[in-house]
Structure formats: structure tokens, C-alpha cells
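Protein chains in written order, with numbering that gives the first Met the number 0: chain A, 0 to 326; chain B, 0 to 345. From the three backbone atoms N, C-alpha and C, an ideal C-beta is built for every residue, glycine too. Note that the structure is predicted; figures quoted are calculated from it, not measured.
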Amino acid sequence: MPARTFIDAIRETLADEMRRDESVIVLGEDVGKKGGVFLATDGLWAEFGDDRVIDTPLTESMIIGASIGAAVNGLRPIAEIQFADFIFPAFNQIVSEAARMRYRSNNGYGVPMTIRAPYGGGVHGALYHSQSVEAFFTHVPGLKVVVPSTPYDARGLLRSSIRDEDPVLFFEHKKMYRSVRGEVPDTDYVVPLGKAAVTHPGSQISVIAYGLMAHYALEAADRVADEGISVEVVDLRTLRPLDTETVLESVRKTGKCLIVYEDNRFGGYGAEVAAIVAEEAFDYLDGPVTRIAGPDVPGVPYNHVLEEWFMVSPEKIADGIRTLAAY
Amino acid sequence: MAVTRGDTTTSLAASVGLADADLVEMYRYVALARALDERMWILNRAGRIPFVISGQGHEGAQVGIAWAFQRGHDWIAPFYRSIATCLTFGMSPRDIMTAQYATASDPSSGGRQMPGHYGSHEHNLVSVSSPVATQLLHAVGIALAAKVRKTGQVAMTTMGEGSSNQGDVHEGLNFAAIHKLPFIFVVENNGYAISVPAARQVSVPNVADRAAGYGIPGVVVDGNDVLACYAAARDAVARARAGEGPTLIEAKVTRLTGHSSDDQQTKYRSEEELAEERGRDPLPAFRAQLRDAGILTDEIETRFTDEIKAAVTDATDFAESEPDPDPATALRYVYAEAPEPDGGPA
């Protein structure tokens, strides 16, 4: 099985799906000749041409709004938002339109559309090239939200997202694009939406994470293993629909739960996971449901010292594990 | 639609390339839309339905413009005043009236949306929301798909001049013009965005003047002249189908009612102004035009009066008797559902 980088897996999957289904198109800023600012769409324009790989003006609302219309009229658009930080001009189209179209039309219309966006910090991107925006969208019924952490999952989940009948936000941590490699089979496998994975079995503490944090959680688990703390890591992979069953099964086994997310702590996605665990696994808990998350400042600062201060790291997670283990 | 169905053609009909029968049918839609709309207000004031948003004054432009499109093939992303547009494009009086009563059988939304948010997959009418002008981008995307898939379809959207100030309009027109999409933007300018007059909303005399900024034709048409609206739309559709790109059509219409049943327009419009506006009603104007041309006869008028009254009453009685949606269904269709094994609803 060939090893591939995270971004290779995404690029190859886009090309595969466009070959498989001629209704799939890609649109966004610089996605054509340039192949995207991260090269996620490199080569697509040369293979599929102007009609199916469309360089748009700098108009995020139009990218999403026109994708909705294209989906209504028989295409399966993959819209790229160049950085997740720039998704907000399209917020109304995503939340008021794409998410509500099926419900408000009583199943008359659906919007099979995938919105890809690089997210996350630790890359010297400062306030506006580092954000984690998933919580804005996981709140909204009608949307699905996917955050893969491995090349294998990126490929399998992207396939599922493109083939899904509803709008899916597919967030890719940009720090992982070239730093994460993994085995990716050349088969037409899919990873179903809404299924978490236990990526490190353990018995004393459940660490729930996704995206880059799923890697950091594994590193943290290794660090504390030497100290005799057995950690189970659950990689959520899909944030909505949440695989509640896998999360609760792990927590009922370990009795302790630490949730890790890079986004601002207050009202972040992990708060919902914490609430579900507290409500549905209370009788099994041997300690408080805790969180390690980004600090509550309006963005990731640029200076490297400040950025390090902001970012959740394997060591910060390990500290959280130690504190909870001692409880 | 533009299908010649009759065998007589007066010079009036010939002037826009239609047959007399087309004009008679267009008149029927204008009159039907008005009668339905008036009944909605009566039902609201009688406490039968909680809310009305009206198309009175817009019907002539709506029927004239919609007539230029091919029903069941082309697409329209309507707005909340599009009663006549939706009727002309295939929705029935029952379809419109069940939306007022929010019944389970309301084809627009199954009683989930406020009245006025019409939509029908069966008739290529896109489901509409309340944040204004969002639907323009959907029509642009539909036109993009038509071009990519080479379907020959044209997509139209329509809205008021107030909505036309939204940023989505700029983003969509720019993109549609760049790619010469088969897209038509109709502005039904009734002079008011709820209470704010057009002079406080639009910095130029006509919304259509903005078309120049996109390098596309901008056409101003008298919205009370049904046939002029048809001719403008017919030309725009021909351009779109020929791959020549979008057109902006601004129809100057009048708003004969308040913004909605919750608005009292005498608070911000003078009696003199309102009286003058009533003189710009497209219904009597179109009627007089067709009578003068000898197309609309006493016999046809009597028949229409009876038929329309019967259709409106039937739609009202039907909607009154239709059941409310079952709360047990309120969780459905958040996401696509797997088809049932027996081939039932998807």
C-alpha cells in the first residue's frame, strides 16, 4: 500500500470522483491553473477543463450560493473556501440556504454539495489564516461536518462527503497537508460519515479529539504511558452527525473523559461532547469531564511565542491527562 | 411559454409575436392571481389565516415575464410576491392557498414556511427563504449547471428593488456576466422597501442602470404593460439561449397593498400618492387594452369571472379542510432519508 501525504490523498480523491461522476465540479478561488493555494486541486483543470474546474472571483457567498443552485440543477459541486477564516461572507448561504433547503421544502429539494476549507493554526497564519470554525456549523441541523486526521480517512471521508445527498463541510487542518503521511489503498473504499474511530485503546482515561488534535492526543498518550497512565484516544472524524455511541462506550469503560479541541474553549465543539457525556454517562464517571482547548482570545496571534502560547500541544494535553488521572 | 394556441391574431398580439389566445390566457392569470390575493386578505382580516404577503400591482409584470419562459424546462427562483409568477409557471390556486393555511399538503413546504415562500420541484420553482436576494445566487448556479450540462435551460430570478441592494446581487451578476450564463435578473420595482422609498435605496434613477457595470443589457419596462414585459423577457430569453449571457430587466410596478398584512402603509405614504398608484393598476389596464383590441369579449369575461370565482372558492374550501401537519413528521427531512423498502417516500 503506497504511503501518501494528507493533501495527496485529498487531491487524488477529487480527481477520482470527477472521473467517476461527470456531475462533480470544483469551484473556488485559484483552484484552476494554479491548482489552489495549497495545491489541493493541482492537475484538475488540465484534466477536466474550464467547465468543471472553475476559478471564481473573490466572492465566497457566490461560491456557495451558486453551488447550491448547481446542486439543485443536477451537479455535485465541491466548493473550496481558500481559508476557513474567509467562510463568513458565505455564512448566510450555508446556514440559511444550504442547511435549510431540504427541511423548508419538505424534501422537495436537497443540496448535495461539499465545502472544503483548510483550517487551523500553528502555521504562522495569525488571526485570519488559523481559525477553527467548526463550532459555527456543527450547531446547525441540516449540515454535516467532517474533520479527517489521516490520509486514509481523508480519502474515505471525502468520497462519502461528495456522494452524500446533503451539504457537507469538510475541514482540513492545513498543518497536516504535508506533515502527515499514511497508507492509502488504491481501492474504492469509503469511510462512512458519523463513525468515530478508537485510534489508541486504553483503560483509564478517554481522550476525545479530531483533526490535528487527534495526532497530538496520540503523542500525549505515548508520553503518559511511561508514567503508567493508560489512555484511550477516540478520533471523532465526523463532528455532525456525532458518533455518540463510540464516545459513550469508551467513557463508560474508562470512567474519565478529556476532550481536546484547538478552537476557543468557550462554546466550542467540545462543550457539546462534554454535555452529552455528562448527561448520558454520569453513572460511570470517576472525575469531572474536562477540556483542553484554545484560549478565549479573538484569534491566533502571529508572533511565534504568542502562537505557541495559543496552540494546544501534546504536552498541554499530557498535563491535562495527568491532572485528570490524579483526580 | 409563448405557445400560439389560437387561430386568430390581431395586430396587438402580432406586435409581440403571440396569438390572441395567448393574450386571453395571460389576462386570465393576471385576474386569477388578483382574485386569489384579494381572498387571502379577506381570510386574514376574518382571522382565518395569520399572515398575508401580497403581489397586488405586480401581477401584470409577473405574468408577462413568466410567459417568455418554457414551463417545466426553464427555472425560476421566485420571491415572496411571486403569486402570479408561480401560477403562470404551473402552481395551482390550491397550491397557493394551502401555503396560506400551512397545511400538510402545501407543496411549497408542507406547512413549514410562512405564506409567500413558494416553491415546487415539480415546476422548477426554487424554494425561497426570507433573507432577501439569496435566491439570485441559486438561479445563477442553476444557469451554471445548465451551461455545464448543456441542457438549454434558462434561469430567472426576481425580487424587489430593495432586495437588489444586497451584496449577493453584485457577486452573482458579476459571475453570470463573466461566464455569459443563461440567466435573467428581474427587478420588480414597486418603489418601496417596506417603508423606505426607492430614492433612499438606490443611488441611480433605475436599478437597470447598474447593468452597465457588468457589461450586460439593462432594460427598463413599464410593469403595468403586460405585453411590453413579455417582449422584454422574450428578448432576454433569446439572448440567454443563444449563449449571449444575462440580462437585467427592471419592471416598474406599483404596490397596491401594504408590505404585508402587518404593515399600515398610510403611515408613510400620502392618500394622494396611494390614489395615484391605484391608477397604475395593471389589471384594468390590460383588460382595457384587450377589450379595445377586440380580443376580450363579454362572453370571455363572464366565463372568466365565474371560473375564477369558482377556482378561488374551491382552493379556499380545499385548504380549509386539509389537515395540519402531524408533529410526528417535524423531525423528517433534516437530511435525506434512505428509501423505504416498499418503495415509499424517500
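Name the chain B residues whose beta carbon is nearer than 7 Å to that of residue i?
i                  : result
Gly-73 of chain A  : Ala-144 and Arg-148
Asp-225 of chain A : The premise fails here: Asp-225 of chain A is roughly 44 Å from chain B at the closest Cβ pair, so nothing lies under 7 Å.
Glu-164 of chain A : Ala-335
Gln-92 of chain A  : Thr-133 and Leu-136
Ser-95 of chain A  : Ser-128, Pro-130 and Thr-133
To the nearest whole angstrom, what separates the beta carbons of residue i and residue j, a pair I think is in contact under 8 Å?
i                  : j                  : result
Met-158 of chain B : Val-201 of chain B : The pair is not a contact, with the Cβ atoms about 13 Å apart (cut-off 8 Å).
Val-252 of chain B : Asn-164 of chain B : Actually they are not in contact, since the Cβ atoms of Val-252 of chain B and Asn-164 of chain B sit about 17 Å apart, beyond 8 Å.
Ile-228 of chain A : Ala-324 of chain A : 5 Å
Pro-297 of chain A : Leu-126 of chain A : 7 Å
Arg-154 of chain A : Ala-195 of chain A : Their Cβ separation, rounded to whole angstroms, is 17 Å, which puts Arg-154 of chain A and Ala-195 of chain A out of contact at 8 Å.
Gly-266 of chain A : Ala-292 of chain A : Incorrect: roughly 10 Å between the Cβ atoms, too far for contact.
Phe-174 of chain B : Val-139 of chain B : 6 Å
Pro-130 of chain B : Ser-119 of chain B : Contact flag wrong, Cβ pair sits at about 20 Å.
Gly-217 of chain B : Arg-209 of chain B : 7 Å
Glu-170 of chain B : Ser-66 of chain A  : Rounded, the Cβ-Cβ distance is 13 Å, inconsistent with contact.
Ile-63 of chain A  : Tyr-176 of chain A : That pair is no contact at about 23 Å.
Phe-317 of chain B : Arg-93 of chain B  : 5 Å
Gly-242 of chain B : Lys-179 of chain B : 6 Å
Arg-33 of chain B  : Gln-55 of chain B  : 7 Å
Which residues in chain A sit within 8 Å of residue i, going by Cβ to Cβ distance?
i                  : result
Arg-47 of chain B  : Ordered by position in chain A, no residue passes the 8 Å Cβ test against Arg-47 of chain B, which lies about 22 Å from the chain.
Ile-141 of chain B : Gly-68, Ala-69, Val-71 and Asn-72
Val-125 of chain B : Gly-68, Val-71 and Tyr-108
Which residues does DSSP pair with residue i in a beta bridge?
i                  : result
Lys-308 of chain B : In DSSP, Lys-308 of chain B forms no bridge with anything.
Asn-188 of chain B : B:Lys-251
Ile-75 of chain B  : B:Leu-124 and B:Met-155
His-199 of chain A : A:Val-232
Thr-246 of chain B : B:Ile-183
Phe-174 of chain B : DSSP output for Phe-174 of chain B lists no bridge partner at all.
Tyr-118 of chain A : A:His-172
Leu-26 of chain A  : A:Ile-53 and A:Ala-78
Thr-113 of chain A : A:Ile-77 and A:Val-167
Ile-316 of chain A : Beta-bridge pairing links Ile-316 of chain A to no other residue.
Arg-3 of chain A   : A:Gly-181
Pro-196 of chain B : B:Tyr-191
Ala-208 of chain A : A:Asp-234
For residue i, return the contacting residues in chain B, with the cut-off set at a CB-CB distance below 8 Å.
i                  : result
Arg-51 of chain A  : Val-147
Thr-58 of chain A  : Glu-170, Asn-173 and Phe-174
Thr-55 of chain A  : Phe-174
Gly-141 of chain A : Val-333 and Tyr-334
Ser-229 of chain A : Those do not exist, as Ser-229 of chain A stays about 37 Å from chain B at its closest Cβ, beyond 8 Å.
Gly-64 of chain A  : Thr-133, Leu-135, Leu-136, His-137, Val-139, Gly-140, Asp-167, Glu-170 and Gly-171
Arg-99 of chain A  : Ser-128
With burial defined as no fewer than 16 other Cβ atoms inside 10 Å of the residue's Cβ, what is the status of residue i: buried or exposed?
i                  : result
Trp-308 of chain A : exposed
Ser-202 of chain A : exposed
Leu-305 of chain A : exposed
Ser-14 of chain B  : exposed
Tyr-326 of chain A : exposed
Ser-131 of chain A : buried
Ala-211 of chain B : exposed
Thr-3 of chain B   : Below a pLDDT of 50, predicted positions are generally treated as unreliable, and Thr-3 of chain B, at 47, falls in that range; the measurement from the model is reported next regardless. Exposed is the call here.
Phe-135 of chain A : buried
Leu-135 of chain B : buried
Ala-345 of chain B : Low confidence applies here, because Ala-345 of chain B scores a pLDDT of 45, under 50, leaving its location unreliable and the question unanswered by this model.
Tyr-26 of chain B  : buried
Leu-346 of chain B : Any question about residue 346 of chain B goes unanswered here, given that chain B covers just 0 to 345.
Tyr-188 of chain A : exposed
Ser-160 of chain A : buried
Phe-47 of chain A  : buried
Please compile the residues from chain A whose C-beta is within a distance smaller than 9 Å of the C-beta of residue i.
i                  : result
Asp-94 of chain B  : What Asp-94 of chain B touches in chain A: nothing, since even the nearest Cβ is about 12 Å away.
Arg-111 of chain B : Tyr-102, Arg-103, Ser-104 and Asn-105
Ser-202 of chain B : The premise fails here: Ser-202 of chain B is roughly 22 Å from chain A at the closest Cβ pair, so nothing lies under 9 Å.
Ser-108 of chain B : Tyr-102, Arg-103, Ser-104, Asn-105 and Gly-107
Gly-118 of chain B : Arg-103, Ser-104, Gly-107 and Tyr-108
Trp-74 of chain B  : Gly-68, Val-71 and Asn-72
Closer than 9 Å by beta-carbon distance: list the chain B residues that pair up with residue i, in chain order.
i                  : result
Gly-267 of chain A : Per Cβ cutoff of 9 Å: no residues; Gly-267 of chain A is ~23 Å from chain B at best.
Ala-45 of chain A  : Simply none; closest approach about 18 Å.
Ile-24 of chain A  : Leu-143, Ala-144 and Val-147
List the residues of chain A whose Cβ lies closer than 7 Å to the Cβ of residue i, in chain order.
i                 : result
Asp-21 of chain B : Per Cβ cutoff of 7 Å: no residues; Asp-21 of chain B is ~28 Å from chain A at best.
Going residue by residue through the stretch 45-94 of chain A, where are the continuous beta strand (DSSP E) segments of at least 3 residues, counting only ones entirely within it?
52-54 and 75-79
Whole alpha helix (DSSP H) runs in the stretch 220-292 of chain A with 4 or more residues, listed along the chain?
243-253 and 268-279
Along the chain, which unbroken stretches of the alpha helix (DSSP H) at least 4 residues long are found entirely within the stretch 37-89 of chain B?
58-65 and 82-87
Just list the beta strand (DSSP E) runs in the stretch 201-283 of chain B, keeping only unbroken ones of 3 residues or longer that don't cross its boundaries, in chain order.
217-221 and 246-251
Uninterrupted alpha helix (DSSP H) stretches inside the stretch 136-182 of chain A (no shorter than 4 residues)
150-162 and 175-178
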